[in-house]
Every structure is written in C-alpha cells, then in structure tokens.
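Under the UniProt record's numbering, think of the first position of the sequence shown as 1, with each following residue one higher.
Glycine residues also receive a C-beta, built at the ideal position from the N, C-alpha and C atoms.
Remarks on the structure that follows.
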Amino acid sequence: MDVVIARFQRMNPPVFNGDESSEDADSWLRNIIGLFDRVQYDDDLRLNLATLLLRKAAER
Numbered sequence: 001m002d003v004v005i006a007r008f009q010r011m012n013p014p015v016f017n018g019d020e021s022s023e024d025a026d027s028w029l030r031n032i033i034g035l036f037d038r039v040q041y042d043d044d045l046r047l048n049l050a051t052l053l054l055r056k057a058a059e060r
C-alpha cells in the first residue's frame, strides 16, 4: 500500500479543505476521478486515497 500511496502522491493530487464553493468541489472531484481513471484504481482504493486528500472541515 505504501508504494501505491507514494505513486499517487507523485501525481500531485489537490487537497480538499471543505470550505470551497460547490463549483470548486465539483472541479476537485472531476480532477481526482481523472487521476484515478488514468491509473485504473478500483473503487475501494480510490476511496482510501481520496480520504488522504481531505483537510480541515472536509475531514469531519
């Protein structure tokens, strides 16, 4: 799993703070889905990795 996380982090995925507008949230989600699609991660792995990108209010 550490190798997968390191590979994902090298892609420089954006973090999500939870205080952005709904348009920003949609843009963040489209960006993350695009990254996942390029590396063909399954849904469980996508969920685990996406939670690593949540910050501040989005972590709650």
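Asked: Secondary structure of L53, DSSP reduced to three states; Found: coil
Asked: Enclosing alpha helix (DSSP H) for G34 [first to last residue]; Found: S22 to V39
Asked: Close Cβ partners of N31 (< 8 angstroms) along its chain, the five nearest in sequence each way excluded; Found: P13 and P14
Asked: Among L47, K56, S27 and F8, nearest to R38 - alpha-carbon criterion; Found: F8
Asked: Supposed contact pair M11 and L35 - C-beta distance, whole angstroms, cut 8 angstroms; Found: 5 angstroms
Asked: Integer Cβ distance of A57 from G18, believed to fall under 8 angstroms; Found: 3 angstroms
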